[in-house]
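Visitor: Provided herewith is a single structure, encoded as structure tokens, for subsequent inquiry.
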Amino acid sequence: MKDSNHKHCLFCQRDEQQVPLVQVDFKGATYWICPQHIPVLIHDPSKLEGFLPGAKELQAG
19 MKDSNHKHCL FCQRDEQQVP LVQVDFKGAT YWICPQHIPV LIHDPSKLEG FLPGAKELQA
79 G
């Protein structure tokens, strides 16, 4: 479950004390992702299903 008060990578759950995080705004909500998992968001967003609502419908770039 997403905790809006705690910044952490939506995929690996590492927080801002462990890795740099990039903000992602999607469907009215804010999420965070680390640089290691940005390629997942770009090339295979369906792997984020269960972490990012609607990820299954996103098309790879």
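Each number in the numbering used here comes from the position in the sequence shown (counting from 1) with 18 added on.
No residue lacks a Cβ here, since even glycine has one placed at the ideal position from N, Cα and C.
Fair warning: this is a prediction, and the values are worked out from it, not measured in the lab.
1) For residue 63 versus residue 78, is the C-beta distance shorter than 8 angstroms?
2) Under 7 angstroms: does the beta carbon of residue 76 sit that close to some heavy atom of the ligand NAP?
3) Assign residue 60 to one of two classes, buried (16 or more other C-beta atoms within 10 Å of its C-beta) or exposed (fewer than that).
4) Is there a Cβ from chain D that is less than 8 angstroms from the Cβ of residue 26?
5) Mapping the DSSP letters down to three states, classify residue 61 as helix, strand or coil.
Guide: According to the data block:
1) Their beta carbons are under 8 angstroms apart, which means residue 63 touches residue 78 by this criterion.
2) In terms of ligand content, the structure shown is empty, and the ligand NAP therefore cannot be addressed.
3) By the Cβ neighbour-count rule, residue 60 is exposed, with fewer than 16 other Cβ atoms within 10 Å of its own.
4) Of the protein chains in this structure there is only one, and it is not chain D.
5) The DSSP-derived three-state label of residue 61 is helix.
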